[in-house]
Amino acid sequence: MTPEDTRDDRLARVTRRRSATRQRLIDAAYEVFLELGIHDAPIEAICERAGFTRGAFYSNFTSKEDLFLAIYQRQMQARLDRLQTVIDRAFCAFDLDTSGALSEAVEQACLLFAESLGADEQWFLLVAEFHAQAMRQPELRAPTEAAQTEFHIGLAQILERVLDRIGLRLILDSRDAGFVIVSLYKSALERAIFEGLHLGVDHRYLAEVLPRLILAMAVPQVPHR
């Protein structure tokens, strides 16, 4: 083994250890934030839950807000991955040549969207708390917008693939469509909370309004000649 190999192995171990530390802090912070909220969660509580010191925290994250953005990105990517998986499974069963299949397929996609993104009141309230904080703190606006845009793009790509399967295409920019869908979804969850309703997929905005909105933003594809 050459000195270069030894150095590379050492660097690889350090990288793996740092990655594991970062993941443990993310997991611990997710639990603590859900229990206490972002504002009221002490960094010491996160470190204690993860089994690390404040030094380990600050070697990986600059603040609680920086840590929450890492949680947000992982949570939303996991939801996108889950959404893509369930849609792939569900659409295998559709016969799009039958009457009413188009509307049924879009409705099913919307229900899967609601299930996969997780109508989780605790998580929704946590994101809402962070958004309010980010709007008050200019230094948080750019990274928050970047994280949200990344999610909107991922959602738009899934939406485009779904519509392509059923012979439709969007009539507006896919990222704008993703933004519109997420905005309706957030409004539906917010209204459900204020009305004391269960945040389930039976909410009429998700079961009725969202499918109609998607169909209104799409037109049949033009066959290639």
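Using this note's numbering, you'd call the opening residue of the sequence shown number 9 and step up by one each time. For every residue, glycine included, the Cβ atom is placed at its ideal position computed from N, Cα and C.
- Of all C-beta pairs linking the segment 145-160 to the segment 69-82, three or more are shorter than 8 Å, placing the two stretches in contact.
- Distance from residue 42 to residue 75 at the Cβ level is roughly 13 Å; contact not present, criterion being Cβ atoms closer than 8 Å.
- Taken atom to atom, the span from the alpha-carbon of residue 115 to that of residue 193 is near 14 Å.
- Between residue 188 and residue 95, the C-beta gap is not smaller than 8 Å, which leaves the two residues out of contact.
- With a 10 Å radius around the Cβ and a threshold of 16 neighbouring Cβ atoms, residue 47 comes out exposed.
- When the beta-carbon positions are compared, residue 230 and residue 179 stay at least 8 Å from each other.
- Judged by DSSP secondary structure, residue 78 falls within the alpha helix (DSSP H) whose first and last residues are 72-99.
- In its chain, beyond the 5 residues on either side, 186 have a beta carbon closer than 6 Å to the beta carbon of residue 163.
- The straight-line gap separating the alpha-carbon atoms of residue 151 and residue 68 is approximately 16 Å.
- About 16 Å separates the CB atoms of residue 54 and residue 28; that is not less than 8 Å, and the two are not in contact.
- With distances taken between CA atoms, residue 30 lies nearest to 65 out of 45, 65 and 57.
- Nearest to residue 173 by alpha-carbon distance, out of 99, 202, 91 and 87, is 99.
- Residue 25 has its alpha-carbon roughly 15 Å from the corresponding atom of residue 61.
- Here residue 146 carries a helix assignment [DSSP, helix/strand/coil].
- Take the alpha-carbon of residue 132 and the one of residue 23: they are about 33 Å apart.
- Taking C-beta separations shorter than 6 Å and ignoring five residues to either side along the sequence, the partners of residue 92 in its chain run 166, following chain order.
- With respect to residue 168, residue 182 sits close: the two C-beta atoms are nearer than 8 Å.
- Just so you know, the alpha carbons of residue 85 and residue 128 end up roughly 16 Å apart.
- For residue 113, the closest alpha carbon among the candidates 225, 219 and 224 is that of 219.
- By the Cβ-count criterion, residue 134 is buried, with 16 or more other Cβ atoms from all chains shown falling within 10 Å of its own Cβ.
- With 16 or more other CB atoms across the displayed protein chains lying within 10 angstroms of its CB, residue 138 is buried.
- Here DSSP, grouped into helix, strand and coil, assigns residue 230 to coil.
- Here residue 180 carries a coil assignment [DSSP, helix/strand/coil].
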